[in-house]
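In what follows, a single structure is set out as structure tokens and then discussed.
In this note's numbering, the protein residues as written are 46 to 128.
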């Protein structure tokens with residue numbers, strides 16, 4: 046994950062439509078000019094000014110979803126067995 050330098054850069058990424066995270070489990074997304082926070086099954090909205098005040102000392106990362114494929118499990122599943 047790409048580490049963001051400060052809260053201004055985090056807000057900039059949100060304005061571009063990207064998703065950011067502070068710990069890899071939570072997500073921050075800009076929706077309808079408010080910042081939506083998803084964390085452990087909860088969701089709440091913040092005004093951008095409130096977001097900056099609450100999270101200005103936090104470290105953020107650009108959220109990247111990665112689907113990892115285990116080749117060994119794939120191979121075992123699709124292996125052809127002759128009878």
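Note that CB positions come from ideal geometry on N, CA and C, so glycine has one too.
- DSSP places residue 82 in the strand class (E or B) of the three-state scheme.
- For residue 105, there is no enclosing alpha helix (DSSP H), as DSSP gives it neither H nor E.
- Burial is judged here by how many other beta carbons sit within 10 angstroms of a residue's own beta carbon; residue 47 has fewer than 16 and is exposed.
- Here DSSP, grouped into helix, strand and coil, assigns residue 76 to strand.
- Annotated three-state conformation of residue 70 is coil, per DSSP.
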